[in-house]
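Report on the following structure.
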Amino acid sequence: MVTINNDNNYDSEVPSVIDNIKLLIDRYNQKKIQRKYVKRKLIFYAQTSGFKNNVYRKQAWDLIVDTPSYDYSIDQNLIESHQYYEQIKMDVIRTLKRFPPDYSDSERSDLQDDLILIITKVLLKHEELHYYQGYHDISLTFLLVLGEKLSLPVIDSITMSHLKYFMEPTMEKTRDSLAYLMPLINCVNSECAEYMERGDTGHVIFALPWFITWYSHVLDDLSVILRLYDLFIVSHYLMPIYVAAEIVNYYADEVLSKNCEMSCLHQYLSYLPTEIDENTWEEIIRRALYLFENHPPDTLENLNHEWKIKCEYMEHSSDKFITRQTFNKNNNYNNQQSLSKKPSTLSRIAFWGVTIAIGGLAIYVWNQTQLIDSSKYISLGDFLNQLYRT
Numbered sequence: 001m002v003t004i005n006n007d008n009n010y011d012s013e014v015p016s017v018i019d020n021i022k023l024l025i026d027r028y029n030q031k032k033i034q035r036k037y038v039k040r041k042l043i044f045y046a047q048t049s050g051f052k053n054n055v056y057r058k059q060a061w062d063l064i065v066d067t068p069s070y071d072y073s074i075d076q077n078l079i080e081s082h083q084y085y086e087q088i089k090m091d092v093i094r095t096l097k098r099f100p101p102d103y104s105d106s107e108r109s110d111l112q113d114d115l116i117l118i119i120t121k122v123l124l125k126h127e128e129l130h131y132y133q134g135y136h137d138i139s140l141t142f143l144l145v146l147g148e149k150l151s152l153p154v155i156d157s158i159t160m161s162h163l164k165y166f167m168e169p170t171m172e173k174t175r176d177s178l179a180y181l182m183p184l185i186n187c188v189n190s191e192c193a194e195y196m197e198r199g200d201t202g203h204v205i206f207a208l209p210w211f212i213t214w215y216s217h218v219l220d221d222l223s224v225i226l227r228l229y230d231l232f233i234v235s236h237y238l239m240p241i242y243v244a245a246e247i248v249n250y251y252a253d254e255v256l257s258k259n260c261e262m263s264c265l266h267q268y269l270s271y272l273p274t275e276i277d278e279n280t281w282e283e284i285i286r287r288a289l290y291l292f293e294n295h296p297p298d299t300l301e302n303l304n305h306e307w308k309i310k311c312e313y314m315e316h317s318s319d320k321f322i323t324r325q326t327f328n329k330n331n332n333y334n335n336q337q338s339l340s341k342k343p344s345t346l347s348r349i350a351f352w353g354v355t356i357a358i359g360g361l362a363i364y365v366w367n368q369t370q371l372i373d374s375s376k377y378i379s380l381g382d383f384l385n386q387l388y389r390t
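Just so it is clear: in the sequence shown, position 171 is 171 by UniProt numbering, and no numbers are missing.
Set out below in structure tokens:
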């Protein structure tokens, strides 16, 4: 069975963390401490530092995630006749760039076959769930670390604890969850939130792949992806949104330096995670944990309500400009006026053109996966209504 290369590049940098995790797991394996205690300590390391070493990450994930006792043996004919099988197969074939470069073609092919089986088996077990594009990205990451035998029950468990909200018949739950991003940005940097709203990026489409793939679809650095997964598997399913808010906050000066229009802001924000180095990621994670502690999920509805009121005020405000103070190299403050709160007509046309094009593609893919049940087909109007209604 092929798994991720477990060579470690961090041993010399963080010996205390690695030594502590190794000691903890060794003591558990020797039955000297209980799993409950080990799990609590591993959750702490998952949040504060990550597991650094994939040998220990594999053991830690297996200990942290409570997996079901279930016989996943399923007839191959049932697998291949599943309504999503062909779509899963097409998506998995496109995962080539997600594999480490030292994998041979045959190794990648074997893993892709394993991935198709794993995803389909989870969906066969949970008939109420609907496959979405991006689920295969998350599943592949677990497969690379854990191998086929361990990854299937772990993916099953994570699916039901974190991912099921993206696998409902409609996009409503995903849309509502993503809508918490702007209120959280408003909490940590109200100036940046207002600027984004005036620039027509308040619908946060740019963050959708961050959220539903745990950033694995937008990042190329596997070590960073695994660090984020360390955090996400021990956190609330909305933690990727908190991370997204702190990404925007950390780069707020750059966001505010862009033209206040959708096309410019959306392009910059979409690729922002790819520009972040490992040290900055650790700072963003630290801030996200602090944000989560101060604004936990049960407060988000109130924050969202406050944000909507603020947006209504901005929409009807007679003040069509926002002023920003910046500090120049000569230590003199300059007032800089942004563009009008209303983006240009051209940018709005471009925005809706892109939205309709993406929507049409998404609908085509969705409807192709629903060939067995045409009652689940959706139209462009339904798509836009789900995405933008408030």
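Just so it is clear, CB atoms sit at the ideal spot from N, CA and C, and this is done for glycine as well.
Item to complete: For Asp382, name the three-state secondary structure that DSSP assigns.
Response: Model confidence at Asp382 stands at a pLDDT of 48, short of 50, so the residue's coordinates are unreliable; what they give is reported in the following sentence. Asp382 sits in a helix when the DSSP states are folded into three classes.
Worksheet entry | Alpha-carbon to alpha-carbon, Ser257 and Asp114 | One C-alpha to the other measures close to 46 Å.
Worksheet item: Between Ser151 and the rest of its own chain, which residues show a CB-CB distance below 6 Å, the 5 nearest in sequence each way excluded?
Response: Within its own chain, the residues whose Cβ lies closer than 6 Å to the Cβ of Ser151, once the five positions on either side in sequence are excluded, are Phe142, Leu143, listed in chain order.
Worksheet entry | 8 Å Cβ shell around Ile233 - same chain, five flanking residues per side excluded | In its chain, beyond the 5 residues on either side, Ala46, Trp61, Ile64, Val65, Ile158, His162 have a beta carbon closer than 8 Å to the beta carbon of Ile233.
Fill in: Closest Cα partner of Met90 within the set Pro296, Tyr70, Tyr131
Comparing Cα-Cα distances from Met90 to each of Pro296, Tyr70, Tyr131, the minimum goes to Tyr131.
Worksheet item: For Gln337, does the count of other Cβ atoms within 10 angstroms reach 16, so buried, or fall short, so exposed?
Response: Because the pLDDT at Gln337 is just 36, under 50, the model does not fix this residue reliably, and the point stays unresolved.
Worksheet item: Is the beta carbon of residue 391 sitting closer than 8 Å to the one on Ser263?
Response: Given that the chain is displayed from residue 1 to residue 390, the structure contains no residue 391 and the question cannot be resolved.
Discussion item. Please report the straight-line C-alpha distance between Thr369 and Gln83, rounded to a whole angstrom.
Written reply: Any answer about Thr369 is weak, because its pLDDT of 46 lies below 50 and its placement is not dependable; what the coordinates show is given next. If I take the Cα positions, the gap works out to 7 Å.
Worksheet item: Would DSSP call Glu261 helix, strand or coil?
Response: Glu261: coil per DSSP, three-state reduction.
Fill in: Same chain only: Cβ atoms within 8 Å of His316, ignoring 5 sequence neighbours per side
Cβ neighbours of His316 beyond the five flanking positions: none.
Practice prompt. In the DSSP assignment, find the unbroken alpha helix (DSSP H) run with Thr141 in it and report its ends.
Written response: Note, Thr141: alpha helix (DSSP H), 135 to 158.
Worksheet entry | C-alpha gap between Ser16 and Asp137, whole angstroms | Between Ser16 and Asp137, the C-alpha separation is close to 32 Å.
Discussion item. With a threshold of 8 Å on Cβ separation, who are the neighbours of Ile118 within its own chain once the five nearest residues in sequence on each side are excluded?
Written reply: Excluding positions up to five away in sequence, the list reads Ser139, Leu143, Glu148, Ser151, Leu152, Ile155.
Practice prompt. Please report how far the alpha carbon of Ser177 lies from the alpha carbon of Thr201, in whole angstroms.
Written response: Rounded to the nearest angstrom, the two C-alpha atoms are 16 Å apart.
Worksheet item: Taking Cβ to Cβ, would you say Ile247 is nearer than 8 Å to Leu208?
Response: Contact flag unset, no.
Discussion item. Under 8 Å, Cβ to Cβ, is there at least one residue of chain B near Asn54?
Written reply: Note that chain B does not occur in the displayed structure, where there is just one protein chain.
Worksheet entry | Glu275 versus Leu226: straight-line alpha-carbon distance, rounded | The alpha-carbon atoms of Glu275 and Leu226 are separated by roughly 17 Å.
Worksheet item: Among the residues of its own chain, which have a CB less than 6 Å from the CB of Tyr135, if the five just before and after it don't count?
Response: Nothing listed; no residue qualifies.
Discussion item. So, for Asn249: in the same chain, excluding its five sequence neighbours on each side, which residues have a beta-carbon less than 6 Å away from its beta-carbon?
Written reply: The answer, listed in chain order, is Val188, Asn189.
Item to complete: Compare the C-alpha of Gln76 against each of Thr120, Lys52, Leu111 and name the closest.
Response: Nearest to Gln76 by alpha-carbon distance, out of Thr120, Lys52, Leu111, is Thr120.
Practice prompt. Could you tell me whether the Cβ atoms of Lys164 and Leu123 are closer together than 8 Å?
Written response: In this structure, Lys164 keeps its C-beta atom at 8 Å or more from the C-beta atom of Leu123.
Item to complete: Over the uninterrupted alpha helix (DSSP H) stretch that includes Met196, give me the two end residues.
Response: Taken as a continuous stretch (DSSP letters only), the alpha helix (DSSP H) holding Met196 covers 190 to 198.
Discussion item. On the criterion of 16 or more Cβ atoms from any shown chain inside 10 Å, does His305 qualify as buried, or is it exposed?
Written reply: Classification of His305: exposed, given that the 10 Å Cβ count is below 16.
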